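Take a look at the structure set out below.
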Amino acid sequence: MATSTKKTTKRKTTRRRAKPKKKLVIVESPSKAKTIGRFLGRSYKVVASLGHVRDLPKSRMGVDIEHNYQPDYISIRGKGDVIKELRKDAKNAKAVYLASDPDREGEAIAWHVSNILKLDDNDKNRVTFNEITKDAVKEAFKEPRSINMDLVDAQQARRVLDRLVGYSISPILWKKVKRGLSAGRVQSVALNLIIQRENEIRDFKPEEYWTIDAAFQQGKDKFKATFYGQNGKKVALHNNQDVQKILRKVDKKQDFEITKVVRRERKRQPQPPYTTSTMQQDANRRLNFRTRKTMMAAQMLYEGIDIKQGSPVGLITYMRTDSTRIASIAKHEASKFIHEKYGSEYAAIKPIKGKLPEGAQDAHEAIRPTSVYRTPAEMKQYLTNDQYKLYNLIWSRFVASQMTPEIIDTMNVNLEQNNVDFRANGSKVKFAGFTKVYKRGKEQDNLLPDLQEGEQARMISDDPAQHFTQPPARYTEAALIKTLEENGVGRPSTYAPTLDTIQRRYYVRLVARHFEPTELGQIVNKIIVKQFPDIVNVKFTADVEGELDQVEEGKRNWVKVVDSFYKPFSKEVSAAENAVAKIEMKDELAGVDCDICGAPMVVKMGRYGKFYACSRFPNCRNTKAIVHDTGITCPKCGKGTVVERKSKKNRTFYGCSRYPDCDFVSWDRPVGRNCPKDGHYLVIKKIKGGTQVVCPNGDYKEQPQK
Numbered sequence: 001m002a003t004s005t006k007k008t009t010k011r012k013t014t015r016r017r018a019k020p021k022k023k024l025v026i027v028e029s030p031s032k033a034k035t036i037g038r039f040l041g042r043s044y045k046v047v048a049s050l051g052h053v054r055d056l057p058k059s060r061m062g063v064d065i066e067h068n069y070q071p072d073y074i075s076i077r078g079k080g081d082v083i084k085e086l087r088k089d090a091k092n093a094k095a096v097y098l099a100s101d102p103d104r105e106g107e108a109i110a111w112h113v114s115n116i117l118k119l120d121d122n123d124k125n126r127v128t129f130n131e132i133t134k135d136a137v138k139e140a141f142k143e144p145r146s147i148n149m150d151l152v153d154a155q156q157a158r159r160v161l162d163r164l165v166g167y168s169i170s171p172i173l174w175k176k177v178k179r180g181l182s183a184g185r186v187q188s189v190a191l192n193l194i195i196q197r198e199n200e201i202r203d204f205k206p207e208e209y210w211t212i213d214a215a216f217q218q219g220k221d222k223f224k225a226t227f228y229g230q231n232g233k234k235v236a237l238h239n240n241q242d243v244q245k246i247l248r249k250v251d252k253k254q255d256f257e258i259t260k261v262v263r264r265e266r267k268r269q270p271q272p273p274y275t276t277s278t279m280q281q282d283a284n285r286r287l288n289f290r291t292r293k294t295m296m297a298a299q300m301l302y303e304g305i306d307i308k309q310g311s312p313v314g315l316i317t318y319m320r321t322d323s324t325r326i327a328s329i330a331k332h333e334a335s336k337f338i339h340e341k342y343g344s345e346y347a348a349i350k351p352i353k354g355k356l357p358e359g360a361q362d363a364h365e366a367i368r369p370t371s372v373y374r375t376p377a378e379m380k381q382y383l384t385n386d387q388y389k390l391y392n393l394i395w396s397r398f399v400a401s402q403m404t405p406e407i408i409d410t411m412n413v414n415l416e417q418n419n420v421d422f423r424a425n426g427s428k429v430k431f432a433g434f435t436k437v438y439k440r441g442k443e444q445d446n447l448l449p450d451l452q453e454g455e456q457a458r459m460i461s462d463d464p465a466q467h468f469t470q471p472p473a474r475y476t477e478a479a480l481i482k483t484l485e486e487n488g489v490g491r492p493s494t495y496a497p498t499l500d501t502i503q504r505r506y507y508v509r510l511v512a513r514h515f516e517p518t519e520l521g522q523i524v525n526k527i528i529v530k531q532f533p534d535i536v537n538v539k540f541t542a543d544v545e546g547e548l549d550q551v552e553e554g555k556r557n558w559v560k561v562v563d564s565f566y567k568p569f570s571k572e573v574s575a576a577e578n579a580v581a582k583i584e585m586k587d588e589l590a591g592v593d594c595d596i597c598g599a600p601m602v603v604k605m606g607r608y609g610k611f612y613a614c615s616r617f618p619n620c621r622n623t624k625a626i627v628h629d630t631g632i633t634c635p636k637c638g639k640g641t642v643v644e645r646k647s648k649k650n651r652t653f654y655g656c657s658r659y660p661d662c663d664f665v666s667w668d669r670p671v672g673r674n675c676p677k678d679g680h681y682l683v684i685k686k687i688k689g690g691t692q693v694v695c696p697n698g699d700y701k702e703q704p705q706k
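Numbering follows full-length UniProt numbering, with no gaps: position 544 of the sequence shown is 544.
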């Protein structure tokens, strides 16, 4: 019997190579993560924490007053999955880097992330950069540092102080006024400034004054001059009697003598590049941007815009800064650009240096484009309309700051007859300088003839005009931010949320871009001013900000700063509990009955303003929005009328009274007429200096009205 043998062969086994671990980079936002990820390459994984991962609890104070004001941080609700992913990524990473924004808030975010990942605070894993460009990011990763606990403590002290104030005063307001109210350090100062200005306007008594403008002729040339005074001294005209007294001294048949002609060359210097507050102010004045809108657009420009050239890139430097300092490399690039684009005569040898506001930290550069060669015209195709407008403003202001002054030839002329003095002022731009790029208001030549001393000029007409002194203007967002900054109240990152809060609480409302306090705001302010005078004291609040800055610099202990504030404040809280009487917000009768139960409707105050509610609440919960009927027939259905309504953001819009049966809606008020070109309904648009009737469907426009 034959035997067979089986031939066995060994299979070769190959081990799979383990994937090399990547370095993990944690930033705040997905767009920032996308931009940085492209710069760092495949050996890095860049993820977003989506802002803070831990904070104080909302349901309680969360600060242990008995034990050195230690905050009780908890994971933010809804961030569970984000934290889980961060822990998983950190566990599988070769190294972890924390690259949140380069300020107190960013340092605090990095510290909180470090805590939830159980990283060592002494590890050199903190990376910061002032601009999100490839070179800046790569350079920053060469020199990581440990977390700066002075910055963290400064932010922590601010958070604890704000919590102590808010969670101590707010319950008093709930008990004595109504639920849902709040108070805070900076917002209380802002509200008080608005109400003080309103009181100034209310108490203002206008004073009468007059001016005399006159037309003169010298040879064939005509020009205008204004009454100045008598015998070379300025004289104020208080009434028409004063005017007539002056005019009786003027002999219309006799010429005036030109007694003095002064020709000078005046220079207008460019302004320094933007800080956060000056950017917010200019965007509000020039672009009509609300502060929050400005910061949102700036955040996107900083974090990165896809310019279709391989990767996104940050177009501006970090947008939360109080410094006007510029890096040398940026100055050199700007100088080169100005030489190439405009010529050497436009490039400043020593660019203007801005004066830092009191308390400024100068931690970051001013806000500037990351490269002046990315001009607004070239970037426009990649930007939204809002992004483009803001980028154009930032780019223009920075380039102008590195340019030469505008040179203006001025001419001042004195005319005299019978000891009565008139003066004429003329100007002409001799050299545009920085205004080639960045205009500062309306600039128009006011030319005078080539007048000489000793010549004669004849008055051909006079035009006296009565005027009255005007009260101070209500605060715009720009003006309020400027005032807060000048007084050292708040910091760049606080202005936008502060203005947002006082509007959301309905303490103030914006009317024609100016803040007006509401009845609710005045009630809250009255309580705080009386019971907590330090909270609304501008100097006191500025001193607290200064102490927080000293914490950031490592000169003060944050617990001692909080303690020195809280001990006297807690006594005021205890006293206020008993001293503040309950304020009844009386309901005003609406003049209509409830269409459900027939009971009278009353006017209630809500989060978004006043509304109608049934007087039998809570037995009947019927509510209605308060609408103002314009009396104009609805242009869509022709049956209802156009009524004025308020959006959730308290913005006025117009809709049909038959809603929801008719869904007509318009941000602009219809005028009740149709366009003569295409038959579309016409609306009233607000324009600078007045209003204008336009067709929203075409190019038809009527004469503007003041």
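C-beta atoms are modelled at their ideal positions from N, C-alpha and C, and glycine is treated no differently.
The structure displayed is predicted, hence computed values, not measured ones.
From residue 253 to residue 466, what does the alpha carbon distance come to, in whole angstroms? 26 Å
Closest by C-alpha distance to residue 209, when choosing among 184, 242 and 187: 242
Neighbourhood of residue 335 by C-beta, 6 Å cutoff - its chain only, sequence neighbours within 5 removed: 347
Opening and closing residue of the alpha helix (DSSP H) in which residue 558 lies: 558-579
Through-space distance from residue 703 to residue 677, alpha-carbon basis: 16 Å
Put residue 210 into one of helix, strand or coil per three-state DSSP. strand
Note the first and the last residue of the continuous beta strand (DSSP E) segment covering residue 633. 628-633
Can the beta-carbon of residue 515 be found less than 9 Å from the beta-carbon of residue 524? no
Could you give the C-beta distance for residue 317 and residue 368, rounded to a whole number, given that I count them as a contact under 8 Å? 5 Å
Straight-line gap, residue 527 to residue 535 (C-alpha atoms, nearest Å): 11 Å
Quick check on the burial criterion: 16 or more other C-beta atoms within 10 angstroms. Buried or exposed for residue 349? exposed
Euclidean distance between Cα positions of residue 362 and residue 553: Model confidence at residue 362 stands at a pLDDT of 46, short of 50, so the residue's coordinates are unreliable; what they give is reported in the following sentence. Using only the alpha carbons, I get a separation of about 12 Å.
Local conformation of residue 402 per DSSP, three classes: coil
Tell me the rounded alpha-carbon separation between residue 257 and residue 457. 6 Å
Rounded C-alpha distance that separates residue 265 from residue 417: 28 Å
Mind checking residue 597: buried by the 16 CB within 10 Å criterion, or exposed? exposed
Where do the ends of the beta strand (DSSP E) carrying residue 326 lie? Premise fails: residue 326 is in no beta strand (DSSP E) and is neither H nor E.
Residue(s) in a DSSP beta bridge with residue 119: Partner(s): none; residue 119 has no beta bridge.
Roughly how many angstroms lie between the CA atoms of residue 262 and residue 251, to the nearest whole one? 26 Å
Among 195, 582 and 613, whose alpha-carbon lies nearest the alpha-carbon of residue 174? 582
Residue range of the unbroken beta strand (DSSP E) whose run includes residue 137: Where residue 137 is concerned, there is no enclosing beta strand (DSSP E), although the alpha helix (DSSP H) it sits in stretches over 134-142.
Option in 312, 192 and 282 with minimal Cα separation from residue 35: 312
Taking the C-alpha atoms as reference points, what is the distance between residue 410 and residue 429? 9 Å
Nearest-angstrom beta carbon gap, residue 610 and residue 587 [assumed within contact, 8 Å]: Going by Cβ atoms, the distance from residue 587 to residue 610 rounds to 11 Å, so no, they are not a contact pair.
So residue 61 and residue 163 are supposed to be a Cβ contact under 8 Å. How far apart are they, rounded? 6 Å
Return the bridge partner residues of residue 614 from the DSSP annotation. 601
Under 8 Å, with one C-beta from each stretch per pair, do the region 70-90 and the region 115-127 reach the 3-pair mark? yes
Applying the criterion that 16 or more other CB atoms from any shown protein chain within 10 Å of the CB defines a buried residue, is residue 511 buried or exposed? exposed
Do you know how far the Cα of residue 330 is from the Cα of residue 101? 21 Å
With DSSP as the reference, identify every bridge partner of residue 593, one or two as the case may be. 600
What did DSSP end up calling residue 663 once you bin it into helix, strand or coil? coil
The beta strand (DSSP E) spanning residue 263 covers which residue range? 256-268
For residue 86: DSSP bridge partner residues: Bridge partners of residue 86: none, in fact.
4-residue-minimum alpha helix (DSSP H) runs that sit fully inside the region 476-515, ordered along the chain: 477-486 and 495-504
So what does DSSP say about residue 347, is it helix, strand or coil? strand
Is residue 24 helix, strand or coil when you go by DSSP? strand
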